[in-house]
Amino acid sequence: MSRIKQCFAQLAESGKKALIPYITAGDPTPEHTVTIMNGLVEAGADVIEIGMPFSDPMADGPVIQLACERSLAAGTSVRKVLSIIAEFRKHNTHTPIVLMGYLNPIEFFGYQAFANSAKEAGVDGILLVDLTPEEATDVVECFRQNDIDLIYLLSPTTTPARAKKICDLASGYVYYVSVKGVTGAAELDVDSVKQHVDSLREITDLPIGVGFGIRDAKTAAAVSHCADGVIVGSVLVNAIAENKDQPKEYIADALQAILAPMRNEMDA
Ligand SMILES: O=P(O)(O)OC[C@@H](O)[C@@H](O)c1c[nH]c2ccccc12
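Anchor point for the sequence shown: position 246 equals 246 in the working numbering, and the numbering is continuous, going up by one each time.
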């Protein structure tokens with residue numbers, strides 16, 4: 001059983017929901033990332049979503065765009081991201097890692113080579129923002145061969161027919177994007193999220209994670225009541241930006257101070 005599947009199964013058994021923080025790898029520098037990841041686990045992360053920095057992150061708002069810039073300026077490459085994950089895996093073999101990114105750098109690296117190296121580094125899932133299900137066949141095969149789960153995005157405007165097609169390709173979990181727009185959205189309507197998640201339940205048995213616009217413990221808890229997991233990005237990435245000149249342990253603490261209350265409120 002994949003690490004992601006196992007994680008959601010264990011959570012379901014104990015009546016809990018997955019807390020999935022997102023950070024951009026190499027932000028502010030590659031030397032920071034493992035320490036920050038350890039902090040996220042300590043604060044109660046069940047899965048970690050790691051972004052591969054990209055120069056044109058079209059689904060991202062300003063907060064994550066700037067994180068990509070900091071990371072690229074510090075020399076983060078695809079290979080570097082994988083070595084960061086391998087480093088984390090030396091002492092953590094239980095937390096599933098989902099790599100999030102855009103197609104271009106991976107196409108350049110080579111899909112097969114990337115999928116093989118990702119597996120070797122300890123990656124469990126991959127979320128490629130601009131991979132449409134129509135184009136997916138070859139790419140999907142490279143990841144399948146390596147038992148890497150394919151996480152797909154579904155949005156408020158995805159039709160039921162398309163959602164079904166996407167869910168049939170997906171494994172691990174599906175990611176419901178709570179709002180139309182980019183990451184770091186200000187407002188999220190819990191009632192509308194619940195309605196959409198309920199209708200997705202008729203299409204798929206996969207766990208459903210919800211992300212975009214979750215920035216406080218109250219919202220995280222409210223969303224977790226109608227989904228299987230919550231994904232939290234920009235509020236954490238913003239805390240990295242605000243503390244980027246501090247020691248890495250200090251940054252890790254700042255992120256824990258945001259994530260731990262979410263964990264508490266979700267489990268309450
Ligand atoms: O930042 P937010 O609003 O908390 O949303 C999570 C999101 O950042 C993370 O999952 C993510 C970062 N970049 C993305 C690109 C597409 C979809 C999702 C993402």
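Beta carbons: idealized from backbone N, C-alpha and C, even for Gly. Computed from a prediction, not measured in an experiment: that's the story for all the values here.
beta-carbon residue i near ligand 1 non-hydrogen atom, thresh 7 Å
| i | result |
| --- | --- |
| T183 | yes |
| E187 | no |
| V232 | yes |
| F212 | yes |
| V235 | yes |
| Y22 | yes |
| V129 | yes |
| G51 | yes |
| M100 | yes |
| D60 | yes |
| I36 | no |
| I151 | no |
| I4 | no |
| I258 | no |
| I64 | yes |
Collapsed DSSP secondary structure at residue i in the structure displayed
| i | result |
| --- | --- |
| E49 | strand |
| L188 | coil |
| L66 | helix |
| A18 | strand |
| I231 | strand |
| L206 | coil |
| C167 | helix |
| T33 | helix |
| V223 | helix |
| D284 | Past the edges of the chain, shown from 1 to 268, lies residue 284, and the structure says nothing about it. |
| N264 | helix |
| T159 | coil |
| P96 | coil |
| K80 | helix |
| V182 | coil |
| Q246 | coil |
Nearest-angstrom beta carbon gap, residue j and residue i [assumed within contact, 8 Å]
| i | j | result |
| --- | --- | --- |
| L200 | Y175 | With a Cβ gap of about 11 Å, L200 and Y175 do not count as contacting. |
| Y22 | E49 | 4 Å |
| A126 | V98 | Residue identity check: residue 126 is Ile in the sequence provided, not Ala. Contact flag correct, Cβ pair sits at about 7 Å. |
| A74 | T33 | Actually they are not in contact, since the Cβ atoms of A74 and T33 sit about 10 Å apart, beyond 8 Å. |
| R89 | G122 | 4 Å |
| M58 | V81 | At roughly 19 Å, the Cβ-Cβ gap does not stay under 8 Å, so M58 and V81 are not in contact. |
| K165 | P207 | Rounded, the Cβ-Cβ distance is 19 Å, inconsistent with contact. |
| A227 | V179 | About 14 Å separates the two Cβ atoms, so there is no contact after all. |
| L255 | I36 | 6 Å |
| G172 | I151 | 6 Å |
| S77 | D27 | Contact flag wrong, Cβ pair sits at about 14 Å. |
| A239 | G39 | Actually they do not touch by this definition, with Cβ atoms about 11 Å apart. |
Contact test: residue i Cβ vs ligand 3 heavy atom, cutoff 7 Å
| i | result |
| --- | --- |
| V237 | Absent from the structure shown: ligand 3. Ligands present: ligand 1. |
Per DSSP, the bridge partner or partners of residue i
| i | result |
| --- | --- |
| T24 | G51 |
| G101 | L128 |
| D149 | G125 |
| V177 | G211 |
| L154 | Y176 |
Below 8 Å, how does it come out for the stretch 210-221 and the stretch 188-195: are there three or more Cβ pairs, yes or no?
They touch, by the three-pair rule.
If contact is defined by three or more beta carbon pairs under 8 Å, each pair taking one atom from either stretch, is the stretch 82-102 in contact with the stretch 121-139?
These segments touch.
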